[in-house]
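Beneath this line is the structure, given in structure tokens, with notes to follow.
Pasting the structure below:
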């Protein structure tokens, strides 16, 4: 069965772009518009294999979302890729500290994103 990717980003354009790239690679995709929506989708999906999350979002930001996911036994090992416009060293360090496996700065090159996702799912 195809691997399932959850995309969490408040930008519809980014969600659609990442979803398009991932679907083209044969992945199943679910999109969420912020951290709270992301948690709802995560809890209601039968299985999520990887999460791609933005940092700056309304209602619940990406860092809080990642922290919440990591605090739960069931989701502790899901690979998480941060995809954010925040690209300073401290932003990257914070993202990795709260539990992201990888931090990519927007705009991410599709090939690189796909390669990283496949590597994490490896």
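Residue numbers (the UniProt record's numbering): 1 to 122. Don't be surprised by glycine CBs; every beta carbon is placed ideally from N, CA and C. The structure displayed is predicted, hence computed values, not measured ones.
Cα-Cα, which of the options is closest to residue i?
i: residue 8; options: 2, 72, 19; result: 19
i: residue 85; options: 57, 73, 47, 76; result: 57
i: residue 65; options: 3, 41, 115; result: 41
Apart from the five residues just before and just after residue i, which ones in its own chain have a Cβ nearer than 7 Å to its Cβ?
i: residue 94; result: 63
i: residue 25; result: 114
With DSSP as the reference, label residue i as helix, strand or coil.
i: residue 64; result: helix
i: residue 8; result: strand
i: residue 69; result: helix
i: residue 48; result: coil
In terms of residue numbering, what span does the beta strand (DSSP E) encompassing residue i cover?
i: residue 103; result: 102-105
i: residue 195; result: As shown, the chain starts at 1 and ends at 122. That puts residue 195 outside it, with no answer to give.
i: residue 80; result: 80-84
With a CB to CB cut of under 6 Å and the five nearest residues on each side skipped, what residues in its chain are close to residue i?
i: residue 33; result: 10
i: residue 92; result: 103
Need the endpoints of the alpha helix (DSSP H) that residue i sits in, please.
i: residue 44; result: 35-44
i: residue 98; result: 89-98
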